Every structure is written in structure tokens, then in C-alpha cells.
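Those protein sequence lines, which keep their order, are chains A and B.
Per this note's numbering, the very first residue in the first sequence carries number 5; after that it's consecutive.
Per this note's numbering, the very first residue in the second sequence carries number 65; after that it's consecutive.
Quick reminder that beta carbons are idealized off the backbone N, C-alpha and C, glycines included.
All figures in this text were calculated on a predicted structure; none of them were measured in a lab.
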Amino acid sequence: MFEARLMNATILKKILDAVKDLLNEGTFDCSDSGIQLQAMDNSHVSLVSLTLRSDSFDKFRCDRNLSMGMNLGTMAKILKCANNDDTVTIKAQDNADTVTFMFESQNHEKVSDYEMKLMNLDQEHLGIPDTDYSCVVRMPSMEFARICRDLAQFSESMVICCTKEGVKFSASGDLGSANVKLAQTSNVDKEEEAVIIEMQEPVTLTFACRYLNAFTKATPLCNQVQLSMSADVPLVVEYRISDLGHIRYYLAPKIEE
Amino acid sequence: MTQPSITSFFNTR
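Quick look at the structure:
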């Protein structure tokens, strides 16, 4: 028996919004430590890794490890049927071929349940090595989303150059070029507005704007985003999900032909 | 520039 409850549907809606543009389907691996989803986008350029810890759920029971393949478009449709302040309970029997989403209004007077067929997904699991990154940038997630949106107008690719002075985002194409420089925040009044750079070595890498923009769909989940970069390895774009866990996106840098 | 697949960086488990 699997049962996981959150007192508020909002967070689950935001999580689905953060993945559904990249992934059509995904396998939710459930164990007593929580729920994990790892999946590549259709073109195998980026990887999404979602971790939700069991101890942060309002109720969590997982008697046996369970892998539930879900159509994320359908799951998003079902979650649209929940009000933001509804309690959400996700339930499945062991070896079941369906999962049930139950929504309960705050006054307990409306209870709805939606059953969804599970899919048998033959997805590759990738082993992500522990990496000491040359540069780790923490910055406001809204600012990152804004920069990705603005620079995508100029080119398919964006160069991110990080030094200890700051981080520079650049794009150039037929229309012209754009550069946005952010300096490290000197005094931090509000932590969520800070730009903080931890640098071992400067890094310059090129990434596809399309994927970066897809990652910024997670912006409503967290005020800050963390970018971890090293030469010749995938960028990690991480959004923390309050005390529940995190969503990480991995994107391989573009290379010279 | 070319876009490599993420699978060329992470091993299949």
C-alpha cells in the first residue's frame, strides 16, 4: 500500500508545471524515504531529477517499493481539478495498475477522487556522479527566468561566463547581441534577492536557450535558483521545494564541432 | 556548435 498526503495542492501543481513541458511521461519511484522521478526529455539532451522526502509529507506510507509510470499530461489535467488549498492524497495498492488522486476541501465537505491508469515505462536510469563544481551561482529565480527569456530573442544559445567578480550571460545572432552582467551582492539584506558566487576556477560554457527556458518553469517553486558549472560537464539548475525536496535539471553544454 | 546528449555524460545504471 502506498499513500502520500500533502495539505495543500499548490506545490504539486507547481511541480507538474515545472516538468510537463520537458517530459510527456515519467516513473515515480516510491520508497519509505520518499518519491523520486528521474527522466530525460524526448531528445535526451536534458535530465530532470525530482526528489520529495517522505518526512515532509503530512502523511506517508510505502510498504513496498513501487514504481509508478505516469502520463504527466494526464496527471497535470487531474491536478487542475484540485483547488489550491485542497488536501491531496495519492494512493496506490501494491502491484496496482492504477493510482488514485483524492482531493479534499478545507471544510471536508467536498471530496473528489480521480483514478489514472499507470504506464509501463521502460526508462533508462542514469547514474549521476558526485561532482565538485568549479562555479556555483545562487541568484533570484525570477532574475534567471527573465535573463533566459530576454537572451533567447537573440540566439538559440547562451554563453554563461562565471568569474569571482560576477556572472555574465551573453547571446549573439543575426539581430545583434545581448550581455547581462550580475555582480556578486555586496551586502545581503534579503537573502532571496542575493547573487552569491562560490568559485574555484572561472568557467565559460554555452547552453541551448530552449532548455534553460524550459527549466525556468520551476520558478514559482523557489525564490532562488542555483547554477552549478564545471568545464565540459552538464550544468545543474536546482530549485529547492520548500522543506519537501528539490528539482534538478541537467543540461549538457554545447561543444565546438 | 553541436548539442551532445546527456547520456554521453552519465552512465546507464
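Problem set entry | Rounded separation between L248 of chain A and S190 of chain A - CA only | 30 Å
Exercise. Which chain B residues sit within Cβ distance under 7 Å of S50 of chain A?
Worked result: I70
Problem set entry | Own chain partners of M120 of chain A with C-beta closer than 8 Å, once the 5 adjacent residues on each side are dropped | M74, N75, T78, M79, I82, T102, V103, T104 and F105
For this session: On the DSSP bridge assignment, give the partners of S53 of chain A in chain order.
Result: A:Q42 and A:R252
For this session: Kindly examine the ligand MN and report whether one of its heavy atoms sits closer than 6 Å to the Cβ of D59 of chain A.
Result: Although the ligand MN was asked about, the structure shown includes no ligands whatsoever.
Problem set entry | Contact set between the segment 234-259 of chain A and chain B, restricted to residues whose Cβ is under 7 Å from the partner | V237, P238, Y254, A256, K258 and I259
For this session: Could you tell me whether any Cβ in chain B is nearer than 7 Å to the Cβ of L4 of chain A?
Result: For residue 4 of chain A there is no data in the structure shown, the boundaries of chain A being 5 and 261.
For this session: Look at the alpha carbon of L179 of chain A and the alpha carbon of F158 of chain A, and state the distance between them as a whole number of angstroms.
Result: 6 Å
Exercise. For A86 of chain A and chain B, any beta-carbon pair shorter than 7 Å?
Worked result: So, not an interface residue.
Problem set entry | Cβ-based neighbour list, S161 of chain A, same chain, cut-off 8 Å, excluding 5 preceding and 5 following | A175, T210, F211, A212, C213 and K258
For this session: In angstroms with no decimal places, state the Cα-to-Cα distance between N87 of chain A and A22 of chain A.
Result: Roughly 18 Å separates the two Cα atoms.
Exercise. Is it true that the CB of D33 of chain A sits closer than 7 Å to the CB of S58 of chain A?
Worked result: no
Exercise. In three-state terms, what does DSSP make of E205 of chain A?
Worked result: coil
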